[in-house]
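Enquirer: Here it is, the structure in full.
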Amino acid sequence: MADLITFVLIGLYFVVLIGIGSWASKKIHNTEDYILAGRSLGFWVFTILIICSVCSGMTLLGVSGFGYSSGWPGIWEQIFVPLAASFCIIVFGVKLHAVGKERGYMTVQDYLADRFESPRALRGLSAVSGIIVSLVYLVGQYTAISIVLVWLFGIPHWEALLISGVIITAYTVVGGLYAVSWTTLIQGGILILGVFLMAPFVIVSAGGLSHINTVLAGVDPNFVEPWFPSPAYAPYAFATPEFLVSFGILLMVGLACAPHVINNVLAAKEARYFKWAPLVAFGIYGVVMFLVKFTGFAVRSLVEEGTIVLPATVNAQDFAFISGVEYAMPNVALWALFAVIVLAAVMSTTDRLMLTVGTMFAWDIYKNILRPSAPDKEVLLVSKVAVIVAAGSTLWLAINPPPMLAWLIWMGIGVMLATFAVPLLAGLYWRGATKEGAIASMGLGLVAATVFGYWHQFVAPLPVHFSLYALVISALTMVVVSLVTASNSRDALDNTQTGWFIQSP
Amino acid sequence: MFFGLPLHTGLIVSGAVALVIVVLTLWGLSFREAS
């Protein structure tokens, strides 16, 4: 599959990434520079960073695959996922950025510790669960990268992992969030331009959207409906109205409160970015998502008409985008560009996740719990070592990916929702939420997500996404425990601008 | 028909997208920059 142009283009892409890492390393003078890029991110770097932290390797492969297998009832994903970026900026970002700047927060755990006056228990619990979830997610990202490189170059799986792992780790370790955010701007640009360039070719080559929809309706009339009837009558027909409600909450809120997404709001330079960033993020990401989904529809149409054949694998639908581009764009140079686009989509999430794991360990666990007297240089060094350890351990896991990888990744997003959403929302907006309520809701949310996730996968399928049950349990726990325990001090509530408002009145 | 889709599908999906855009625009217009 690979040729000289592909090698040159990917080589050039890697050189640019390393160059940015090297430039960024000169700007790192302390831990704040490393973790938050000195709170200096401009509008576009910040907005694209939020988009690309939400977006992952799944954006190209999984989204088109879902479109291929389920048709229009899955289109809500194209609204919910971009909305996660907007939800994060509006509901969490505005207040966290304002309070974080004033109080010097480095991570969202700093906020939780300050708001709930729990410098060790809640901080430790949220940091440990954040690290576990991020590591699970990271294994999935590395596996996706290796799939692309193996398919392109025909090199062994471990070589592909090693090449990508070393490059991402190098620029993340030396350049921290400066490097991650600026490389993400490049990667985001490549992803957006690439999808704008390629998706229309695939859609047109399949006969245009009207023809594609006619073919889809012939496969299953419900493929052109906004949702599947309830109860689900086939494995692909799971997007029933009740499932879509839980799916929407999972994607919009769960992704918004993921540690590698929400921490970005602390790094924005100015509060005024929060005015239009939600609309801009939704607009850009939404168009990309719709185009990728339409590509999945187009490939299904081409397959049904016998024009192309997908590989005979269990996850054949994940090859929809790749097969569509291969068919519609025989031009080698554009083909090489496609390789870079997929890598950019995956790498932009991977580096942010690695930095987040390093930050949560070095800042929240090492500096704030294990060794409060540690000087800044030591914390910076621990951050870098933690990034390397996170990369090494997840690369090792990705070489022999767990058999239930897809389940683990969905589990990871479900756990993010059940663990972080209630303490954050209640902390920001309800003055009655207490420290005990936050610890109990976070802990029980974590346990409930694990139990319901296991139940859905191994015992009996649930009618809605398993994370919704865990979210409800977490919310009820927060309310009940908070009502029977003592409120936090007025000082803590006032300092953290707690109350039923987004912008301070 | 709406690009080969049943009319109700086209209206529901495009209506949802339009609603999100309107809400996010209203958010932008109501945001106070000074704070």
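The listed protein sequences correspond, in order, to chains A and B. Start counting the first sequence at 3; every next residue gets the next number (this note's numbering). Start counting the second sequence at 640; every next residue gets the next number (this note's numbering). Beta carbons are placed, not taken as given, at the ideal position from N, Cα and C, and that holds for glycine.
Taking only beta-carbon atoms, is G667 (chain B) less than 8 Å away from chain A?
Expert: Yes, its Cβ sits closer than 8 Å to a Cβ of chain A.
Enquirer: Taking only the alpha-carbon atoms, compute the straight-line gap between V443 (chain A) and V482 (chain A) and give it to the nearest angstrom.
Expert: The sequence shown places Ser at residue 443 (chain A), not Val. Between S443 (chain A) and V482 (chain A), the C-alpha separation is close to 10 Å.
Enquirer: Specify the secondary structure class of A219 (chain A) as computed by DSSP and reduced to three states.
Expert: Three-state DSSP puts A219 (chain A) in a helix.
Enquirer: Counting only Cβ pairs nearer than 7 Å, list the residues of chain B close to W278 (chain A).
Expert: Near W278 (chain A) (Cβ distances below 7 Å), the residues of chain B are G667.
Enquirer: Any idea what DSSP makes of A270 (chain A), helix, strand or coil?
Expert: Reduced to three states, the DSSP call for A270 (chain A) is strand.
Enquirer: In the DSSP assignment, what residue or residues form a beta bridge with F641 (chain B)?
Expert: In the DSSP output, where bridge partners are listed per residue, F641 (chain B) has B:L644.
Enquirer: So for L427 (chain A), helix, strand or coil by DSSP?
Expert: Of the three classes helix, strand and coil, the one that applies to L427 (chain A) here is helix, per DSSP.
Enquirer: Please go through the same chain and pick out, in chain order, the residues whose beta-carbon is closer than 7 Å to the beta-carbon of I133 (chain A), but skip the five residues on each side of it.
Expert: Taken in chain order, the residues that qualify are V359, M362, F363.
Enquirer: Nearest-angstrom Cα distance between N317 (chain A) and V305 (chain A)?
Expert: Spanning the two alpha carbons is a distance of roughly 15 Å.
Enquirer: Quick one: Cα of P231 (chain A) to Cα of D320 (chain A), how far?
Expert: Distance between the alpha carbons of P231 (chain A) and D320 (chain A) is about 25 Å.
Enquirer: Since V238 (chain A) and S71 (chain A) are thought to touch, with beta carbons under 8 Å apart, how far apart are those beta carbons, to the nearest angstrom?
Expert: Sequence inspection shows Tyr at residue 238 (chain A); the Val mentioned does not correspond to that position. Between S71 (chain A) and Y238 (chain A) the Cβ distance is about 5 Å, and since that is below 8 Å, they are a contact.
Enquirer: Helix, strand or coil for V312 (chain A)? Go by DSSP, reduced to three states.
Expert: Note that residue 312 (chain A) corresponds to Leu in the displayed sequence, not to Val. Residue state, collapsed to three classes: coil.
Enquirer: Which whole-angstrom value is the C-beta distance of I37 (chain A) and G178 (chain A), which I expect to be below 8 Å?
Expert: Right, the Cβ-Cβ distance comes to about 7 Å (below 8 Å), so this counts as a contact.
Enquirer: Identify which residue in A:P313, A:L470, A:R117, A:A322 has its Cα closest to the Cα of S489 (chain A).
Expert: S489 (chain A) has its Cα closest to that of A:R117, out of A:P313, A:L470, A:R117, A:A322.
Enquirer: Following a CB-centred definition, is A279 (chain A) positioned closer than 7 Å to any heavy atom of the ligand ZN?
Expert: Annotation note on the ligand ZN: not contained in the displayed structure, which lists no ligands.
Enquirer: Rounding to the nearest angstrom, what Cα-Cα distance links S674 (chain B) and T145 (chain A) in this structure?
Expert: For S674 (chain B), the pLDDT reaches just 49, beneath the cut-off of 50, and the residue's location in the model is therefore unreliable, although a value from the coordinates is still provided. If you take the alpha carbons of S674 (chain B) and T145 (chain A), they lie about 44 Å apart.
Enquirer: Can you find a C-beta in chain B that's less than 8 Å from the C-beta of N266 (chain A)?
Expert: No, because no Cβ of chain B sits closer than 8 Å to the Cβ of N266 (chain A).
Enquirer: Let me see if you follow: with CB-CB separation under 8 Å, is A657 (chain B) close to chain A or not?
Expert: A657 (chain B) does not count as touching chain A.
Enquirer: If contact is defined by three or more beta carbon pairs under 8 Å, each pair taking one atom from either stretch, is the stretch 443–461 of chain A in contact with the stretch 162–174 of chain A?
Expert: The answer is no - the stretch 443–461 of chain A does not touch the stretch 162–174 of chain A, with fewer than three Cβ pairs under 8 Å.
Enquirer: Leaving out five residues before and five after L464 (chain A) in sequence, what residues of the same chain have Cβ atoms less than 8 Å from its Cβ?
Expert: F454, W457, H458, Y471, listed in sequence order.
Enquirer: With a threshold of 16 other CB atoms inside 10 Å of the CB of A346 (chain A), please say whether the residue is buried or exposed.
Expert: Flag for A346 (chain A) reads buried.
Enquirer: When DSSP labels each residue in this structure, what does L464 (chain A) get in the three-state scheme?
Expert: If DSSP states are grouped into helix, strand and coil, L464 (chain A) belongs with coil.
Enquirer: On the three-pair Cβ rule with 8 Å, is the stretch 212–219 of chain A touching the stretch 289–300 of chain A?
Expert: Taking 8 Å as the limit for Cβ pairs, the verdict is that the stretch 289–300 of chain A does touch the stretch 212–219 of chain A.
Enquirer: Please name the residue in A:C90, A:L336, A:G429, A:M480 whose C-alpha comes closest to that of V263 (chain A).
Expert: Closest by alpha carbon: A:C90.
Enquirer: How close, in whole Å, do the beta carbons of A269 (chain A) and R41 (chain A) come, if the pair is a contact with beta carbons under 8 Å?
Expert: Going by Cβ atoms, the distance from A269 (chain A) to R41 (chain A) rounds to 6 Å, so yes, they are a contact pair.
Enquirer: Label I379 (chain A) either buried or exposed according to how many other C-beta atoms from any shown protein chain fall within 10 Å of its C-beta, with 16 as the threshold for buried.
Expert: Looking at the sequence shown, residue 379 (chain A) is not Ile but Lys. When all chains shown are included, K379 (chain A) counts as exposed.
Enquirer: Please say whether G250 (chain A) and G416 (chain A) have beta carbons closer to each other than 8 Å?
Expert: Not a contact, by the Cβ cut-off of 8 Å.
Enquirer: Mind the definition here: the stretch 203–216 of chain A touches the stretch 324–335 of chain A only if three or more C-beta pairs lie below 8 Å; say whether that holds.
Expert: At 8 Å Cβ cutoff, the stretches touch.
Enquirer: Hey, is the stretch 73–89 of chain A in contact with the stretch 278–289 of chain A, meaning 3+ C-beta pairs nearer than 8 Å?
Expert: Output reads yes: the stretch 278–289 of chain A touches the stretch 73–89 of chain A.
Enquirer: Figure out for me which residue from A:K437, A:L114, A:L62, A:D496 has the closest Cα to the Cα of V289 (chain A).
Expert: The shortest Cα separation from V289 (chain A) among A:K437, A:L114, A:L62, A:D496 belongs to A:L62.
Enquirer: To the nearest angstrom, report how far apart L98 (chain A) and H467 (chain A) are at their CA atoms.
Expert: Distance between the alpha carbons of L98 (chain A) and H467 (chain A): 29 Å.
Enquirer: Can you pull the DSSP bridge partners for G43 (chain A)?
Expert: In the sequence under discussion, the amino acid at residue 43 (chain A) is Leu, which differs from the Gly named in the question. Answer by DSSP bridge pairing, in chain order: A:A270.
Enquirer: Going along chain A in order, which residues have a C-beta closer than 9 Å to the C-beta of G643 (chain B)?
Expert: Within 9 Å Cβ-Cβ: G210, L211, S212, H213, I214, N215, T216, V217, L218, A219, V226.
Enquirer: V65 (chain A) and K295 (chain A): beta carbons closer than 8 Å?
Expert: Yes.
Enquirer: For M362 (chain A), which three-state DSSP category applies?
Expert: Reduced to three states, the DSSP call for M362 (chain A) is helix.
Enquirer: Is L646 (chain B) close to chain A, meaning its C-beta is less than 8 Å from at least one C-beta of that chain?
Expert: Chain A contact via Cβ: absent.
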